[in-house]
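Below is one structure, written out as structure tokens, with a few remarks after it.
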Ligand code: UDX
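Residue numbers (my numbering): 557 to 992.
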């Protein structure tokens with residue numbers, strides 16, 4: 557099939573590349589000329605495991621092309637994906653100006669029937685708005701479909717190629733058939749293509765992300781409570797996760813959820829509730845608890861150093877909001893760094909991928925280390941913010957040699973408490989007894 561993807565952010569790029577992988581002819585369109593030139597030369601503008609291999613293969617096979625022309629994109633595809641940013645407005649709602657702006661231009665340029673697909677995460681009712689904006693400009697027939705993505709950063713290629721489900725919101729048989737044909741190769745294993753109305757599809761995305769954010773937040777509160785009563789959150793997690801109604805995944809406590817989706821989507825659903833006279837009390841709490849959780853290590857660090865962090869040196873391990881990405885949006889590390897700097901601490905940071913992004917934001921306020929051990933030279937403590945695999949099995953004796961004192965504050969519960977104890981470290985984690 558011929559496919560066009562408008563917007564080559566993270567979602568657009570993964571969508572376009574993976575659709576080319578099953579033999580479709582794909583054009584990805586972006587207004588950013590520099591980025592388009594880069595991609596034409598085979599450079600992937602983001603870090604996402606396995607994307608580079610698929611990218612190269614499909615460009616070579618002439619199944620994946622790039623352009624700055626919306627008109628070229630619109631003429632090429634039978635299906636036009638809109639993968640445009642929907643940033644958070646000041647009031648927490650999703651800003652639809654990019655989506656509706658492109659929709660208007662599509663209306664002006666439309667010559668024959670097309671399926672326009674909302675791939676961006678958009679509030680309930682957006683597909684109606686897109687329809688209105690396009691039909692104000694044209695009499696040519698078209699359909700608008702909502703097709704939310706459930707891609708995790710770091711696993712996006714795998715999630716796209718082997719989805720647990722495909723959700724299609726469409727009230728047109730013609731569009732539903734085309735969409736089902738496109739996705740059939742991806743659900744050979746028998747996973748469902750669930751077709752529903754547009755509004756339900758739009759809400760499905762928000763409900764999924766808000767549910768997962770709530771699940772994590774619930775565990776974070778259980779972890780905080782474990783500390784107060786002397787219970788161990790790892791045991792509680794094993795105890796409840798084995799109940800198939802609860803499930804094992806997304807029960808890992810830590811220093812809060814971050815990234816480009818959960819924080820934005822929880823706030824947007826909360827705001828959407830307000831706009832429709834519904835007060836999502838549970839989401840209100842999730843937002844508040846997560847804000848506190850991001851800084852939950854600060855009082856513990858202050859307590860350990862008797863409230864004086866001036867001149868203390870901290871090695872910060874992990875800056876990305878989660879492993880296998882260079883994305884630092886809403887990363888807990890940034891909130892911790894800000895607080896520690898306020899208290900006059902010196903910070904040596906290390907992250908396998910995200911340091912360039914942090915350097916753009918924080919410049920010379922902190923020191924960037926070449927590796928995880930260099931960051932610990934002369935450090936008073938290590939603070940772990942992201943669970944990169946490389947941090948899971950450190951050489952503890954090397955750390956003891958490098959550091960002033962062997963102290964670890966672990967925001968991601970990477971180590972077995974007894975192992976760290978036997979290595980002679982002071983160890984504070986989340987929801988487990990500290991080792992002194
Ligand atoms: C998420 C959804 O999983 C995906 O379906 C959607 O399309 C986009 O949003 P992503 O933001 O890439 O994906 O990351 P995810 O792996 O879901 O993690 C989100 C945040 O939750 C991270 O900050 C992570 O550290 C945190 N998290 C996750 C926990 O704190 N505990 C857990 O048990 C799981």
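Beta carbons are placed, not taken as given, at the ideal position from N, Cα and C, and that holds for glycine.
List the DSSP bridge partners of residue i.
| i | result |
| --- | --- |
| residue 904 | 871, 923 |
| residue 821 | According to DSSP, which records beta bridges pairwise, residue 821 is partnered with nothing at all. |
| residue 584 | 561, 622 |
| residue 673 | 637, 701 |
| residue 632 | Answer is none; residue 632 lacks a bridge partner. |
| residue 965 | 939, 984 |
| residue 650 | 644 |
With distances taken Cα to Cα, identify the nearest neighbour of residue i among the options.
| i | options | result |
| --- | --- | --- |
| residue 864 | 899, 784, 851 | 899 |
| residue 958 | 871, 921, 945 | 871 |
| residue 820 | 852, 641, 608, 657 | 641 |
| residue 769 | 738, 746, 805, 790 | 805 |
| residue 909 | 932, 861, 874, 889 | 874 |
| residue 730 | 963, 709, 719, 700 | 700 |
| residue 785 | 886, 610, 989, 813 | 989 |
| residue 745 | 937, 778, 720, 756 | 720 |
| residue 987 | 973, 980, 977, 979 | 973 |
| residue 878 | 822, 926, 947, 933 | 947 |
| residue 623 | 563, 658, 681, 578 | 563 |
| residue 840 | 822, 857, 849, 602 | 822 |
For the beta strand (DSSP E) containing residue i, name the first residue and the last one.
| i | result |
| --- | --- |
| residue 898 | Looking at the DSSP string, residue 898 is not in any beta strand (DSSP E); the run it does join, the alpha helix (DSSP H), is 888-898. |
| residue 725 | 722-725 |
| residue 788 | Taken as a continuous stretch (DSSP letters only), residue 788 belongs to no beta strand (DSSP E), as it is neither H nor E. |
| residue 928 | Careful: residue 928 lies outside any beta strand (DSSP E) and carries neither H nor E. |
| residue 811 | Element bounds for residue 811: n/a, residue is neither H nor E. |
| residue 750 | 749-752 |
On the DSSP letters alone, give me the boundaries of the alpha helix (DSSP H) that residue i sits inside.
| i | result |
| --- | --- |
| residue 739 | 729-739 |
| residue 841 | 837-849 |
| residue 566 | 566-577 |
| residue 975 | 973-978 |
| residue 860 | 853-860 |
| residue 911 | 911-918 |
| residue 959 | First-last for residue 959: undefined, no H or E at that position. |
Nearest chain C C-beta to residue i closer than 9 Å, yes or no?
| i | result |
| --- | --- |
| residue 852 | You won't find chain C in this structure, because it holds only one protein chain. |
According to the neighbour-count rule (16 or more other Cβ atoms, all chains shown, within 10 Å of its Cβ), is residue i buried or exposed?
| i | result |
| --- | --- |
| residue 754 | buried |
| residue 566 | buried |
| residue 824 | buried |
| residue 761 | buried |
| residue 590 | exposed |
| residue 688 | exposed |
| residue 783 | buried |
| residue 834 | exposed |
| residue 831 | exposed |
| residue 893 | buried |
| residue 647 | exposed |
| residue 773 | buried |
| residue 950 | buried |
| residue 636 | buried |
| residue 766 | buried |
Could you round the C-beta distance between residue i and residue j to whole angstroms and report it? I think they count as a contact, below 8 Å.
| i | j | result |
| --- | --- | --- |
| residue 735 | residue 703 | 7 Å |
| residue 903 | residue 884 | Wrong, their Cβ atoms sit about 15 Å apart, outside the cutoff. |
| residue 924 | residue 905 | 6 Å |
| residue 876 | residue 907 | 6 Å |
| residue 810 | residue 710 | 16 Å between Cβ atoms; not a contact. |
| residue 638 | residue 672 | 7 Å |
| residue 1053 | residue 937 | Since the first residue of the chain shown is 557 and the last is 992, residue 1053 is not available in this structure. |
| residue 599 | residue 582 | At roughly 17 Å, the Cβ-Cβ gap does not stay under 8 Å, so residue 599 and residue 582 are not in contact. |
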